[in-house]
Amino acid sequence: MALYILRRIALSIPALLGLILLTFVLSRVVPGDPAATLAGDSATPAQIAQIRAQYGLDRPILEQAVIHVRQVLSGDLGNSIFSGRPVAEEIWQRLPATLELTFVALFLATLLGIGLGLVAALDHNGPLDHLVRLVSVGGLAIASFWLAIMLQLQFSMEWNLLPLRGRLDVALGQVPRLTGFMLVDTLAIGRFDLFLDALRHLALPAFTLALPGLATIARFTRSGVLEVLQKDYVLYARAAGYGRFRLAAIYVLRNAVTVTVTQVGLLFGALVSGAVAVEAVFDWPGLGTYAVQAILSADYKALLAVTLVIGVVYAVVNVAVDVAQAIIDPRVADQ
Amino acid sequence: MDAALVIEDLAVQLRGRGEVADILDGITLTVPRGSVTGVVGESGCGKSTLLRAILGILPGRATTPRGRILFEGRDILPARAAKPHGRIGFVPQDPYLSLNPVFRAGDQILEIMRRHAPGTRAEHRAKLVELFRAVQLPDPEAALRKYPHQFSGGQRQRLLIAAALCCDPALIVADEPTTALDVTTQREVLGLLRELVRARGLSMLFVTHDFGVLASLCDEVSVLYAGRVAESGPTRAVLDTPTHPYTRMLLACHPDRAVELLGIPGAVPPATAQPAGCRFHPRCPVAQPDCRQDVPPLLPWSGGRAVACPHAARMEAHALA
Chain R
1 MALYILRRIA LSIPALLGLI LLTFVLSRVV PGDPAATLAG DSATPAQIAQ IRAQYGLDRP
61 ILEQAVIHVR QVLSGDLGNS IFSGRPVAEE IWQRLPATLE LTFVALFLAT LLGIGLGLVA
121 ALDHNGPLDH LVRLVSVGGL AIASFWLAIM LQLQFSMEWN LLPLRGRLDV ALGQVPRLTG
181 FMLVDTLAIG RFDLFLDALR HLALPAFTLA LPGLATIARF TRSGVLEVLQ KDYVLYARAA
241 GYGRFRLAAI YVLRNAVTVT VTQVGLLFGA LVSGAVAVEA VFDWPGLGTY AVQAILSADY
301 KALLAVTLVI GVVYAVVNVA VDVAQAIIDP RVADQ
Chain P
1 MDAALVIEDL AVQLRGRGEV ADILDGITLT VPRGSVTGVV GESGCGKSTL LRAILGILPG
61 RATTPRGRIL FEGRDILPAR AAKPHGRIGF VPQDPYLSLN PVFRAGDQIL EIMRRHAPGT
121 RAEHRAKLVE LFRAVQLPDP EAALRKYPHQ FSGGQRQRLL IAAALCCDPA LIVADEPTTA
181 LDVTTQREVL GLLRELVRAR GLSMLFVTHD FGVLASLCDE VSVLYAGRVA ESGPTRAVLD
241 TPTHPYTRML LACHPDRAVE LLGIPGAVPP ATAQPAGCRF HPRCPVAQPD CRQDVPPLLP
301 WSGGRAVACP HAARMEAHAL A
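In the order they appear, the protein sequences are chains R and P.
In terms of this note's numbering, the first sequence is numbered consecutively and its last residue is 335.
In terms of this note's numbering, the second sequence is numbered consecutively and its last residue is 321.
If you want it as structure tokens, here you go:
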């Protein structure tokens with residue numbers, strides 16, 4: 001198992017290097033001269049040339065690529081054209097907010113999705129099955145920005161149950177940044193009231209973000225469970241007198257979720273891109289709002305850095321998913 | 001006679017697409033205590049359904065079965081009857097497909113013991129290691145921690161035999177436990193079963209389509225055709241002097257003695273369209289007019305046998321060649 005994990009990590013290194021190169025290529029193929037953009041509308045050709053030399057844009061393209069990779073590996077993502085501050089620092093400020101949101105959404109989607117899928121499969125063609133199918137079709141069809149606004153109208157404006165925007169009610173107190181994860185930091189300083197407030201702030205955006213993933217996971221789990229129920233080993237277990245609950249919830253489900261888990265890894269990409277819209281609606285101070293701002297101000301350094309960071313997180317999540325799969329199904333690691 | 005299992009007039013039908021299939025009809029057989037009873041027949045004769053009825057796992061589309069299955073003094077056939085889990089051990093057909101690939105094989109057997117055998121988990125583990133030793137599994141202690149895919153096919157069948165024995169059952173039912181294995185492994189597993197039966201005085205119902213296996217393992221045999229018993233009795237008597245036309249033709253035309261109807265004209269009727277009267281009559285060379293109308297009863301015969309053919313006595317051997 002340890003060998004499998006190491007091999008899996010080693011395999012993701014070329015992918016990450018490729019990603020770094022890809023961001024470099026993207027920065028060069030996008031139309032427009034970055035030096036000209038940097039220098040501004042009123043710059044003279046001489047000023048543009050000076051900036052070009054200053055940023056190394058006049059060197060051979062291969063040399064630039066090598067420099068780019070070296071810089072990225074040393075944690076230098078350049079300075080934001082918009083704010084002038086190092087991009088790495090700005091992203092570091094905002095990344096935990098997005099990760100917290102996406103992880104909570106992923107957790108919700110996985111837990112509820114697997115639960116609903118199992119219930120649907122055990123009630124095959126029954127009323128619960130139909131209900132879950134309706135929810136999963138709806139979950140995929142509804143646009144998240146629309147759902148976000150509807151939830152805000154209902155839960156925040158109409159019923160006043162949950163906060164409208166942000167990560168924490170500033171009137172309640174300040175939370176020092178330890179990890180950047182509100183749920184962790186509030187507990188670390190022993191403020192359970194703040195922890196609950198952070199949870200309440202997370203509820204609507206996390207649910208909005210989770211819904212499409214939840215629908216996908218429910219569908220995969222449902223068909224997985226239905227398939228496993230037909231297996232000889234389930235018949236054998238019934239003949240041997242396994243308990244009904246154990247048979248369905250453990251014996252069958254563990255086989256069925258091997259497919260689902262792969263989906264969880266793929267879903268994470270969709271969650272991060274979905275976070276852009278959701279963060280915008282809920283005014284969530286994460287990477288999504290940062291990316292929107294970067295697009296609006298043509299801050300290509302910031303955009304590439306966001307792409308890179310999301311790519312790295314995606315790769316890490318997928319290694320974690322592969323490891324989870326090997327734990328669930330021991331045959332995976334032995335292959 | 002002291003019987004481990006008595007099946008009386010068992011009939012099972014399956015619903016499907018507007019049709020009703022007669023899978024089993026009027027099955028009567030007995031497994032005497034301490035002996036091995038074989039059930040032999042072609043694919044589709046109802047062997048598997050018979051096993052599922054005994055194990056209480058008839059498919060959902062089965063209609064309410066008729067008849068009785070008496071085990072330890074009560075009828076276990078009705079859907080609401082408590083199932084004899086643990087008291088009847090089951091050796092399934094395919095060792096590759098019968099163990100869940102994502103759980104340790106040992107844990108899967110321990111779960112059966114947890115539910116159906118007295119004792120603590122430690123006692124169960126100790127007992128399972130003993131059983132692994134009894135079924136000659138290499139390194140029994142380490143076997144507890146392995147997953148199914150880490151065993152060979154023959155070893156997996158040994159695991160399943162150990163699982164069948166784990167709750168000290170009063171009866172073992174085995175569903176062609178050697179067909180999925182290669183020939184040398186088949187011989188080893190059969191040898192093991194024979195040894196266990198002798199050493200432990202097991203009662204066993206053994207389903208097969210192989211007369212060779214039957215001859216080497218079973219004391220009694222019931223020959224099934226199209227969901228009915230054609231002939232039953234002591235294995236030696238049935239194999240040496242087969243009496244029902246179906247049994248005679250099977251044994252006459254197949255030197256390797258595997259059940260296949262290649263040498264018999266016609267085909268097994270589909271279960272949804274069984275012929276009236278004797279179900280074998282469309283293919284029987286000595287069929288009489290009454291065979292088309294009357295269901296032949298299972299009549300006592302010489303040598304402790306029973307034969308479902310009223311014309312067997314008059315039949316000439318050469319008429320079947």
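Cβ coordinates follow ideal geometry from the N, Cα and C atoms, glycine included.
Specify the secondary structure class of residue i as computed by DSSP and reduced to three states.
{"i": "serine 232(P)", "result": "strand"}
{"i": "leucine 320(P)", "result": "Annotation note: pLDDT 48 at leucine 320(P) (below 50); position unreliable, coordinate value reported separately. If DSSP states are grouped into helix, strand and coil, leucine 320(P) belongs with the helices."}
{"i": "aspartate 210(P)", "result": "strand"}
{"i": "proline 285(P)", "result": "coil"}
{"i": "leucine 58(P)", "result": "coil"}
{"i": "glutamate 123(P)", "result": "helix"}
{"i": "alanine 174(P)", "result": "strand"}
{"i": "arginine 167(R)", "result": "coil"}
{"i": "glutamate 8(P)", "result": "strand"}
Taking the alpha carbon of residue i as the reference point, which residue from the options has its own alpha carbon closest?
{"i": "alanine 188(R)", "options": "Leu178(R), Arg246(R) and Leu196(R)", "result": "Leu178(R)"}
{"i": "arginine 52(R)", "options": "Ala275(R), Ile9(R) and Ala39(R)", "result": "Ala39(R)"}
{"i": "phenylalanine 103(P)", "options": "Ala240(R), Gln152(R) and Asn255(R)", "result": "Asn255(R)"}
{"i": "isoleucine 172(P)", "options": "Ala313(P), Glu8(P) and Arg33(P)", "result": "Arg33(P)"}
{"i": "aspartate 334(R)", "options": "Lys127(P), Glu176(P) and Tyr147(P)", "result": "Tyr147(P)"}
{"i": "serine 216(P)", "options": "Thr179(P), Arg200(P), Leu190(P) and Val286(P)", "result": "Leu190(P)"}
{"i": "glycine 41(P)", "options": "Arg292(P), Gln274(P), Arg17(P) and Glu176(P)", "result": "Glu176(P)"}
{"i": "threonine 98(R)", "options": "Arg167(R), Leu235(R), Ala248(R) and Asp129(R)", "result": "Arg167(R)"}
{"i": "proline 300(P)", "options": "Asp107(P), Thr28(P), Pro65(P) and Arg145(P)", "result": "Thr28(P)"}
{"i": "alanine 312(P)", "options": "Val129(P), Val20(P), Pro245(P) and Leu144(P)", "result": "Pro245(P)"}
{"i": "aspartate 329(R)", "options": "Tyr290(R), Val259(R), Gly311(R) and Ser297(R)", "result": "Val259(R)"}
{"i": "phenylalanine 132(P)", "options": "Ala122(P), Ala230(P) and Ala163(P)", "result": "Ala163(P)"}
{"i": "leucine 106(R)", "options": "Ala36(R), Asp129(R), Leu21(R) and Ala206(R)", "result": "Ala206(R)"}
{"i": "alanine 276(P)", "options": "Asp22(P), Ala3(P) and Arg114(P)", "result": "Asp22(P)"}
{"i": "arginine 305(P)", "options": "Arg283(P), Gln293(P), Val229(P) and Pro270(P)", "result": "Val229(P)"}
{"i": "arginine 314(P)", "options": "Pro282(P), Thr247(P) and Thr243(P)", "result": "Thr243(P)"}
Would residue i and residue j be called neighbours here (beta carbons separated by less than 8 Å)?
{"i": "leucine 160(P)", "j": "proline 101(P)", "result": "no"}
{"i": "valine 39(P)", "j": "valine 207(P)", "result": "yes"}
{"i": "phenylalanine 71(P)", "j": "isoleucine 88(P)", "result": "yes"}
{"i": "threonine 186(R)", "j": "valine 170(R)", "result": "no"}
{"i": "phenylalanine 280(P)", "j": "leucine 239(P)", "result": "no"}
{"i": "leucine 247(R)", "j": "alanine 237(R)", "result": "yes"}
{"i": "tyrosine 233(R)", "j": "glutamate 111(P)", "result": "no"}
{"i": "leucine 308(R)", "j": "valine 72(R)", "result": "yes"}
{"i": "leucine 101(R)", "j": "alanine 88(R)", "result": "no"}
{"i": "alanine 298(R)", "j": "glycine 288(R)", "result": "no"}
{"i": "glutamate 188(P)", "j": "glycine 153(P)", "result": "no"}
What's the gap between the Cα of residue i and the Cα of residue j?
{"i": "isoleucine 54(P)", "j": "arginine 222(R)", "result": "31 Å"}
{"i": "alanine 321(P)", "j": "methionine 249(P)", "result": "Confidence at alanine 321(P) is low in this model, with a pLDDT of 45, below 50, so its placement is unreliable and the value that follows should be read with caution. Rounded to whole angstroms, alanine 321(P) to methionine 249(P) spans 7 Å at the Cα level."}
{"i": "isoleucine 109(P)", "j": "phenylalanine 90(P)", "result": "12 Å"}
{"i": "glutamine 157(P)", "j": "threonine 23(R)", "result": "55 Å"}
{"i": "leucine 131(R)", "j": "threonine 272(P)", "result": "36 Å"}
{"i": "alanine 134(P)", "j": "arginine 74(P)", "result": "31 Å"}
{"i": "glutamate 63(R)", "j": "isoleucine 149(R)", "result": "48 Å"}
{"i": "arginine 15(P)", "j": "glutamine 274(P)", "result": "15 Å"}
{"i": "cysteine 218(P)", "j": "serine 35(P)", "result": "8 Å"}
{"i": "glycine 266(P)", "j": "proline 285(P)", "result": "11 Å"}
{"i": "glutamine 325(R)", "j": "glutamine 13(P)", "result": "42 Å"}
{"i": "leucine 209(R)", "j": "serine 273(R)", "result": "10 Å"}
{"i": "serine 9(R)", "j": "valine 313(R)", "result": "Looking at the sequence provided, one finds isoleucine at residue 9(R) rather than serine. Their backbone Cα atoms lie some 13 Å apart in a straight line."}
{"i": "phenylalanine 151(P)", "j": "leucine 99(P)", "result": "11 Å"}
{"i": "histidine 318(P)", "j": "glutamate 231(P)", "result": "For histidine 318(P), the pLDDT reaches just 45, beneath the cut-off of 50, and the residue's location in the model is therefore unreliable, leaving the point undetermined."}
{"i": "threonine 241(P)", "j": "threonine 235(P)", "result": "10 Å"}
{"i": "serine 74(R)", "j": "alanine 36(R)", "result": "27 Å"}
Could you tell me which chain P residues have their CB closer than 8 Å to the CB of residue i, listed as they occur along the chain?
{"i": "asparagine 255(R)", "result": "Asn100, Pro101 and Val102"}
Mind pulling the chain R residues with CB within less than 7 Å of residue i?
{"i": "arginine 305(P)", "result": "Within 7 Å Cβ-Cβ: nothing; arginine 305(P) doesn't reach chain R, min ~31 Å."}
{"i": "aspartate 94(P)", "result": "Asp232"}
Please list the partners that residue i has in chain P, where partner means a Cβ-to-Cβ separation under 7 Å.
{"i": "leucine 226(R)", "result": "None at all; the shortest Cβ gap to chain P is about 14 Å."}
{"i": "leucine 235(R)", "result": "Ile57"}
{"i": "isoleucine 114(R)", "result": "Result: empty, since nearest Cβ-Cβ is about 15 Å, beyond 7 Å."}
By the criterion of Cβ-Cβ separation under 9 Å, what are the contact partners of residue i in chain R?
{"i": "glutamate 8(P)", "result": "Those within 9 Å of glutamate 8(P) in chain R number zero; the least Cβ separation is about 22 Å."}
At 8 Å on the CB atoms, spell out the chain R contacts of residue i, in chain order.
{"i": "alanine 163(P)", "result": "Ala240"}
{"i": "phenylalanine 90(P)", "result": "Tyr236, Ala239 and Ala240"}
Is there a C-beta anywhere in chain C that falls below 8 Å from the one on residue i?
{"i": "glycine 86(P)", "result": "Here the protein chains are R and P, and chain C is not one of them."}
Mind pulling the chain P residues with CB within less than 9 Å of residue i?
{"i": "arginine 244(R)", "result": "Residues of chain P passing the Cβ test: none, with the nearest at roughly 11 Å."}
{"i": "aspartate 329(R)", "result": "Pro101 and Val102"}
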